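As they're listed, the protein sequences go chains A and B. If you read the first sequence in our numbering, its first letter stands for residue 1, the second for the next number, and so on. If you read the second sequence in our numbering, its first letter stands for residue 242, the second for the next number, and so on.
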Amino acid sequence: LYSLLTSIKHSASTKPLIFIIISFYILSLRESFPFFFLLQATTLEENSEEKFLGKMDEFVNLKTTELRLGLPGTDNVCEETERVSCCNKRASPSDTENETESSTRKIETSPPRKAQIVGWPPVRSYRKNNIQTKKNESDHEGHGMYVKVSMDGAPYLRKIDLSCYKGYSELLKALEMMFKFSVGEYVERDGYKGSDFVPTYEDKDGDWMLIGDVPWEMFECTCKRLRIMKGSEAKGLGCGV
Amino acid sequence: MNYFPDEVTEQVFDFVTSHKDRNAISLVCKSWYKIERYSRQRVFIGNCYAINPERLLRRFPCLKSLTLKGKPHFADFNLVPHEWGGFLQPWIEALARSHVGLEELRLKRMVVTDESLELLSRSFSNFKSLVLVSCEGFTTDGLASIAANCRHLRDLDLQENEIDDHRGQWLSCFPDTCTSLVTLNFACLEGETNLVALERLVARSPKLKSLKLNRAVPLDALARLVACAPQIVELGVGSYENDRESEQYLKLEAAIKKCTSLRSLSGFLEAAPHSLSAFHPICHNLTSLNLSYAAEIHSSHLIKLIQHCNKLQRLWILDSIGDKGLEVVASTCKELQELRVFPSDLVGGGNTAVTEDGLVAISAGCPKLHSILYFCQQMTNAALITVAKNCPNFIRFRLCILEPNKPDHVTSRPLDEGFGAIVRACKRLRRLSLSGLLTDQVFHYIGKYAHELEMLSIAFAGDTDKGMLYVLDGCKKMRKLEIRDSPFGDAALLADVSKYETMRSLWMSSCEVTLGGCKRIAQIAPWLNVEIINENDNNRMEQNGHEGRQEVDKLYLYRTVVGTRTDAPPFVWIL
């Protein structure tokens, strides 16, 4: 390990202070994870300096050991805005847990990421959708193109953000997961085969169309709402079963 | 105890209308309990799972009006899955079977189906009033049955519901003989409206006092509607895209001038107006103004309108009005009692439309203010201390700083002192919502000073279990406690289980309570329903033997006299 330390010092020409701190950190870690360090030591002999730095980042949080001016807990650097939940208003489970962890940490550590937290700000969905709709109309890049989705037989509607999906396969997968069904296979002239369920949408003219017939970009612009039809009603749209 | 015959006592009880008072009366003695229960016409049930319809009807066989609330408050913010519960159907079925003379039904956060509405419309010949707030699960077909079958319908009030609009002809389902409408509010419907049917309905409803239109009602229709209902007291404008010179606009102006009884204005759901001047003539009569859906109205128009509203008591507005706009409100609306400022930009980090200055200005200018909901980007302790000094009469104080854990932006300290000042000064405070960076200290203040507090909403606050303990120990009148993303765990939860019998409910999500702790409560208190909502992976909870460490995502517990409910979906685990 001492040869390791000397090799660190030799390569630490530009950032001496940080590397000294890191080396002390390693020493303390070494007490708790002896095997891990043995492994690291051997691989270090073989690898280049850059790989070493990469591996350093993995187990040492440079941020916490970084010397900065400023009060603990404040962080002037803009953190990435991650879209934790964009497609579903309810975040996926692991994301919610991450948010919990970061937000319940004590004041001394870094504040929560600027991610979209589920249910925050505390504004009713009805109101949120209203503002969202306005934003979509005025700004066509769209912070979200929310459309309602209904399924025959289900008592409640859902809402999805079309801009979350890059194409039909993603959209259909999401719908299948949301309503727990499967659409069957899409064949261009024959529609969806192999399932009682047919995904349709209402376009700007008020007509009900089969999802998948028009190019995705056109679909995004003209789609007003979605409906998953079931059974006999779907036959009218020219789908095989 | 009884010096009067029952009939006389009953007459006296008729003057007692508040639920709390009537509940108190029924506890005095057996004879009063009996008289009270037979004479009770209006029943309020704050949690539909605390009681069941059979027991309700056994106790109050003469009920005429029922208010039911279903999902917990945080369901408004998508924290409760749609299928959680709160179904109306069993209630309607039981009420229909019992032949009770139901006349009024008011629901909040319940799941209502077309089937329920149909059954409702057919079962009660004297049904008069339906008010649905934040409900879901039904379509305009259900509304059609209400319209068609309720011969004496007086109120149809739909507020912020998620309704599947089949764009059918529900409005034309009102028979020509229906002339009793007093309230018609369908602002939350998204689809097209049959304007001809609507106009005819309004024309034959001379008692109509409240009309709130949806976004599909254009300006010219608005003008005609207002012209044939000059007696209107509450108006909700649908679409308001106008051209000042147009004939339609002039017609509207003329019609509005005649509405001398108009006291409440809302809506503007689709609005890109050049001006709101058509409404200026009636502004001095307005007591309630809700422009919180009018995202496209420029603040200058809003300010010009508000400058005429010197009798305003209730104002709901978007933060686009800015601090300057709030200063205008403060100098004009001296009668203001309730203010709500909603965010126009939910993503945040944008323009800081309203700040602590706006809040301080309002508190200084409006001495009668008692309820406030304020969304803002930043706050300071100094501002809150000033607000507390200016307005010691707050009953409801809800502050939402959009960024969680944000400290005082001037001193970078937590906002404990600011909120502490509020609870210390406002001795009649019943509802409080906290935000910003907060430590256990704020809860110490709340426990010590907020004697009348009934509802507390906590998010991203506190350091240790002590915080929650301060509140549970100190706030004797607490009824609803809802907590999210705060470091409170089993020690706080289990400290005084008997406390939960005095409360309606407790919600804790993303806190540090464990499955072991929840199971313990369920064991100690069989009169509580302890629900764990775990959408992710049902089995994970059961297989893991380390209950003491297994953190629970969402906990909802509430007192009940009817035990475990039977309609819970699979992801709700009732211990």
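We put the CB at the ideal spot given by N, CA and C, even for glycine. It should be emphasised that the depicted structure is a prediction, and the values quoted were computed from it without experimental measurement.
Test: residue i CB closer than 8 Å to a CB of chain B
| i | result |
| --- | --- |
| Ser103/A | Legend: pLDDT at Ser103/A = 37, less than 50; position of this residue unreliable, no value from coordinates given. |
| Ser182/A | no |
| Ile228/A | no |
| Tyr146/A | no |
| Glu45/A | Confidence in Glu45/A is poor, its pLDDT being 42 and thus under 50, which makes the residue's placement too unreliable to answer from. |
| Asp190/A | no |
| Val149/A | no |
| Leu162/A | no |
| Val118/A | yes |
| Leu157/A | yes |
| Lys224/A | no |
| Ser169/A | no |
| Val123/A | yes |
| Tyr267/A | Past the edges of chain A, shown from 1 to 241, lies residue 267/A, and the structure says nothing about it. |
Beta-carbon spacing of residue i, residue j below 8 Å
| i | j | result |
| --- | --- | --- |
| Ile687/B | Pro322/B | no |
| Ala438/B | Ser413/B | yes |
| Val205/B | Glu377/B | What the structure shows of chain B is the stretch from 242 to 816, and residue 205/B is not part of that stretch, so it cannot be assessed. |
| Asn770/B | Thr743/B | no |
| Pro155/A | Thr424/B | no |
| Thr418/B | Pro447/B | no |
| Arg300/B | Arg283/B | no |
| Leu600/B | Val569/B | no |
| Leu476/B | Leu449/B | no |
| Leu348/B | Val374/B | yes |
| Ile228/A | Leu171/A | no |
| Lys312/B | Arg350/B | yes |
| Tyr290/B | Arg745/B | no |
| Asp398/B | Lys369/B | no |
| Pro648/B | Pro121/A | no |
| Asp808/B | Gly326/B | yes |
| Ser250/B | Phe285/B | Correcting the residue type first, residue 250/B is Thr in the shown sequence and not Ser. No, the Cβ-Cβ distance between Thr250/B and Phe285/B is not below 8 Å. |
| Ala763/B | Tyr741/B | no |
| Gln679/B | Ala662/B | The amino acid at residue 679/B is misidentified as Gln; the sequence shows Leu. No, they are not a contact pair. |
| Arg555/B | Thr573/B | no |
| Lys128/A | Leu343/B | no |
| Val147/A | Leu210/A | no |
| Arg465/B | Glu440/B | yes |
CB contact check: residue i to chain A, cutoff 8 Å
| i | result |
| --- | --- |
| Pro645/B | yes |
| Leu587/B | yes |
| Ser375/B | yes |
| Cys429/B | yes |
| Gly378/B | yes |
| Ala536/B | yes |
| Glu401/B | yes |
| Phe583/B | yes |
| Cys641/B | yes |
| Phe616/B | yes |
Assumed close pair residue i, residue j - CB separation to whole angstroms, cut-off 8 Å
| i | j | result |
| --- | --- | --- |
| Glu644/B | Asn622/B | 17 Å between Cβ atoms; not a contact. |
| Asp247/B | Ile276/B | 5 Å |
| Cys641/B | Ser674/B | 7 Å |
| Ala519/B | Glu482/B | The Cβ separation is near 13 Å, so there is no contact. |
| Leu394/B | Ile387/B | 7 Å |
| Ser533/B | Trp557/B | 4 Å |
Chain C contact for residue i (CB, 8 Å cutoff)
| i | result |
| --- | --- |
| Gly153/A | No chain C is present in this structure, whose protein chains are A and B. |
Inter-stretch contact (C-beta, 8 Å, three-pair minimum) for the stretch 424 to 432 of chain B and the stretch 455 to 465 of chain B: Flag = yes, the stretch 424 to 432 of chain B and the stretch 455 to 465 of chain B touch.
Contact the stretch 183 to 196 of chain A vs the stretch 152 to 161 of chain A: 3+ CB pairs below 8 Å: Flag = no, the stretch 183 to 196 of chain A and the stretch 152 to 161 of chain A do not touch.
Contact residues within the stretch 196 to 218 of chain A, judged by C-beta distance below 8 Å to chain B: Within the stretch 196 to 218 of chain A, no residue qualifies.
Interface positions of the stretch 350 to 367 of chain B facing chain A (Cβ-Cβ less than 8 Å), listed along the chain: Hits within the stretch, in order: Val352, Thr354.
Under 9 Å (Cβ pairs) to chain A, residues found in the stretch 323 to 346 of chain B: Answer in chain order: His323, Glu324.
Cβ contact check for the stretch 649 to 668 of chain B and the stretch 704 to 724 of chain B: 3 or more pairs under 8 Å: The answer is no - the stretch 704 to 724 of chain B does not touch the stretch 649 to 668 of chain B, with fewer than three Cβ pairs under 8 Å.
Contact set between the stretch 403 to 415 of chain B and chain A, restricted to residues whose Cβ is under 7 Å from the partner: Residues passing the 7 Å Cβ filter: Glu403, Asp405.
Proximal residues, the stretch 302 to 322 of chain B versus chain A, C-beta separation under 8 Å: Answer in chain order: Phe315, Asp317, Phe318, Asn319, Leu320, Pro322.
The stretch 715 to 733 of chain B in contact with the stretch 682 to 700 of chain B per 3-pair CB rule at 8 Å: In the pairwise beta carbon analysis, the stretch 715 to 733 of chain B is classified as touching the stretch 682 to 700 of chain B: at least three pairs are separated by under 8 Å.
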